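There are 2 protein chains.
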Amino acid sequence: MPPPTVVSRSFLFSSEPAVASKLEAFARLSADDRAALAEATHNFRYVEPRRDLISEGDKPRFVHLVLDGWACRYKQLPDGKRQIVSLFVPGDFCDINVYILKAMDHSIAAITRLKVAMITPDEMSALTSERPRVTQALWWHELVTAAVQREWTLNLGQRSAYERLAHLLVELYMRLNAVGRAQDGRCDFPLTQNDLADATGLTAVHVNRTLQELRRDGLIELERKQLHILDMERMKDVSMFNANYLHLDHEGRHLDANA
Amino acid sequence: MPPPTVVSRSFLFSSEPAVASKLEAFARLSADDRAALAEATHNFRYVEPRRDLISEGDKPRFVHLVLDGWACRYKQLPDGKRQIVSLFVPGDFCDINVYILKAMDHSIAAITRLKVAMITPDEMSALTSERPRVTQALWWHELVTAAVQREWTLNLGQRSAYERLAHLLVELYMRLNAVGRAQDGRCDFPLTQNDLADATGLTAVHVNRTLQELRRDGLIELERKQLHILDMERMKDVSMFNANYLHLDHEGRHLDANA
DNA sequence: CGGGCGAAATAACATAGGTGAGGGTCAAGC
DNA sequence: GCTTGACCCTCACCTATGTTATTTCGCCCG
């Protein structure tokens with residue numbers, strides 16, 4: 001008998017499949033489960049930065065799954081204002097059932113160069129009909145996505161610019177950590193200050209001011225698309241961050257001690 | 001053969017079961033489908049205004065379905081600030097799969113006196129395993145709920161107070177109209193200015209100012225918990241309202257011409 | 001029918017964050 | 001080695017919205 005495959009989680013920016021990694025935050029998956037996921041994930045493409053994967057008005061045909069890189073959902077107003085309503089990092093699905101809708105009510109765009117799986121409705125239902133644990137995990141994923149969206153609503157409605165940015169940075173760090181792409185307070189961070197502005201409902205000027213403040217207060221370093229959270233405890237404090245909405249507390253899941 | 005049952009939709013504030021009505025915005029349901037829904041909806045209770053149905057930290061045990069009255073989801077920050085992150089009107093489900101989570105990350109409270117069905121996980125899976133159209137419709141419901149949450153994110157992030165309030169009023173009118181509880185620009189509107197403040201991320205004072213402005217501009221009347229939208233077209237215009245996110249355009253659905 | 005109370009309305013003043021414009025840096029491409 | 005274009009950073013000024021406080025309204029209840 002060959003020794004069991006050990007999947008390492010210990011390297012920063014690991015290239016381990018993020019999907020399985022993310023779903024395992026909720027449920028232990030069997031080798032077969034993982035294989036089925038890998039199978040469904042077979043068909044992928046690359047999207048260049050700032051390009052739409054799918055645009056408002058399009059008929060959705062696939063479930064998308066981010067394999068590598070970052071993407072965002074955004075909505076645009078007739079007066080030109082744009083809001084990034086969510087961010088996708090590796091391991092994130094974009095709406096497990098979208099294809100039952102007639103038309104997209106928002107667009108999804110790549111932020112970095114993006115590797116994204118395209119799963120057909122048929123493949124999805126094959127997956128869910130045969131693999132109950134995966135199905136459960138997918139539901140969990142949807143619930144967490146909804147919870148994140150609610151937290152963003154809270155973030156925009158009630159937190160100051162300073163708190164809001166801090167909160168976003170912590171959230172992204174935690175989500176990356178959960179898929180093995182962040183550690184020791186450090187992670188890739190490809191968002192420009194403009195993106196941050198669109199995500200937080202602030203102006204780029206004010207995002208700049210506020211990042212300076214976070215730096216001055218010794219909370220973060222952020223340059224060259226690298227984020228370093230220097231003091232996680234204080235960051236959580238000032239942003240009133242409560243990780244409960246990420247629902248990561250499952251089945252002996254071990255998180256970065258620093259997270 | 002008996003004549004087909006005709007369900008009237010034509011009365012304002014009709015007491016027709018809102019559930020079926022809402023789900024039929026997406027799919028035609030058979031008599032059996034409706035019966036199964038009625039069955040699952042059997043077990044209900046009343047909740048007094050301002051009371052929590054379920055609180056942050058609780059283990060969710062039921063799927064809730066609003067049969068009558070209004071409710072809201074809210075999140076509270078340690079500094080006391082409170083954000084209403086969504087509103088429920090008759091026919092709305094509160095998270096079809098919540099019970100797979102360990103703990104609620106937010107609370108749900110009654111706004112008016114509330115009649116709410118409590119559906120057990122078992123009843124849910126009975127429903128979904130036997131009634132594919134209902135299952136589809138429930139998925140659609142979840143997708144719409146997510147879309148509404150995104151629109152709120154956009155609303156808070158990019159619209160001015162004036163636009164934001166106008167948008168919220170139009171949205172609620174449309175949603176009520178879709179379940180037969182609004183017509184000719186009129187509907188019940190039990191939210192206080194404080195509730196509106198918590199939902200829009202504004203202060204009560206500014207909500208008051210802004211409502212005055214909407215009145216002065218001849219767009220709405222609002223008193224005694226009754227809303228009258230006087231000029232729907234202009235309201236949609238000023239709030240940049242695009243109904244696409246409600247995904248109501250299905251299978252010959254007929255909407256209030258005024259909506 | 002009068003007291004009490006939640007909600008709505010106003011007012012005077014304060015500030016977080018927006019606006020518009022300009023300059024600096026760095027890497028990519030010719 | 002120059003141009004171009006993202007991106008980041010700063011400044012001076014402005015305004016939408018927040019704050020605190022007081023008054024008024026409408027309604028329930030004894």
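Just so you know, the sequences run in chain order W and H. The opening position of the first sequence corresponds to residue 1 in my numbering, with each subsequent residue numbered one higher. The opening position of the second sequence corresponds to residue 1 in my numbering, with each subsequent residue numbered one higher. Positions of the beta carbon are idealized from the N, C-alpha and C atoms, including for glycine. Here the structure is a predicted model, which means the values were calculated and not measured.
Around the C-beta of D92 of chain H, 16 or more other C-beta atoms lie within 10 Å, and the residue is accordingly described as buried.
Apart from sequence neighbours up to five positions away, the residues of its chain that approach I84 of chain W with a beta-carbon distance below 8 Å are C72, R73, Y74, D195, D198 and A199, ordered along the chain. In the DSSP annotation of this structure, R34 of chain W is not part of any beta strand (DSSP E); the continuous alpha helix (DSSP H) holding it starts and ends at A31 to A40. Of the residues W:Y46, W:A147, W:F62 and W:A27, the one whose Cα lies closest to the Cα of A103 of chain W is W:F62.
Taking a C-beta distance under 9 Å as the contact criterion, S21 of chain W and G180 of chain W qualify as a contact pair. Look at the segment 156–172 of chain H: the residues with a C-beta under 7 Å from a C-beta of chain W are L156, G157 and Q158. For A147 of chain W, the three-state secondary structure derived from DSSP is helix.
Proximity of the segment 160–169 of chain H to the segment 47–57 of chain H falls short of the contact definition, fewer than three beta-carbon pairs being nearer than 8 Å. In terms of beta-carbon proximity, K236 of chain H stays away from the interface with chain W, with every pair separated by 9 Å or more. The Cβ atoms of Y245 of chain W and E151 of chain W sit closer than 9 Å to each other. Counting only the Cα atoms, L202 of chain W lies some 22 Å from V89 of chain W. Residue-level contact check: H106 of chain W touches chain H, since one or more beta carbons of chain H fall below 9 Å from its beta carbon. A27 of chain W sits in coil when the DSSP states are folded into three classes, being neither helix nor strand. Counting along the chain, V238 of chain W sits inside the alpha helix (DSSP H) bounded by residues M232 to S239. The C-alpha of E171 of chain W lies about 35 Å from the C-alpha of L211 of chain H. Put simply, the CB of V134 of chain W is far from chain H, with every gap to its CB atoms at 9 Å or more. A residue is called buried once 16 or more other Cβ atoms fall within 10 Å of its Cβ, and N177 of chain W is buried on that count.
Under the Cβ criterion of 9 Å, K81 of chain H is counted among the residues facing chain W. Taking a Cβ-Cβ threshold of 7 Å, the residues of chain W close to Y245 of chain H are D105, in chain order. For M174 of chain W, the enclosing alpha helix (DSSP H) has its first and last residue at A161 to A178. With a 10 Å radius around the Cβ and a threshold of 16 neighbouring Cβ atoms, Q183 of chain H comes out buried. Contact of V98 of chain H with chain W by beta-carbon distance below 9 Å involves L143. The Cβ atoms of L127 of chain W and I111 of chain W do not sit closer than 9 Å to each other. Contacts between A147 of chain W and chain H, judged by CB atoms closer than 7 Å, involve D105 in chain order.
Boundaries cannot be given for D92 of chain H, as no alpha helix (DSSP H) includes it and DSSP labels it neither H nor E. For M174 of chain H, the closest Cβ of chain W is not nearer than 9 Å. With respect to I229 of chain H, L169 of chain H sits close: the two C-beta atoms are nearer than 9 Å. Take the alpha-carbon of M124 of chain W and the one of A146 of chain W: they are about 20 Å apart. With 16 or more other CB atoms across the displayed protein chains lying within 10 angstroms of its CB, G157 of chain H is buried. By the Cβ-count criterion, E142 of chain W is buried, with 16 or more other Cβ atoms from all chains shown falling within 10 Å of its own Cβ.
The continuous alpha helix (DSSP H) containing L196 of chain W extends over residues Q193 to T200.
Here L219 of chain H really is in contact with R234 of chain H; their C-beta atoms are around 6 Å apart, less than 8 Å.
Burial check for V205 of chain H: the Cβ neighbour count within 10 Å stays below 16, so the residue is exposed. Using beta-carbon distances, W70 of chain H does not count as an interface residue toward chain W, since no partner is under 9 Å. Interface criterion met: the Cβ of G57 of chain H is under 9 Å from a Cβ in chain W. DSSP places A182 of chain H within a strand segment (E or B) once states are collapsed to three.
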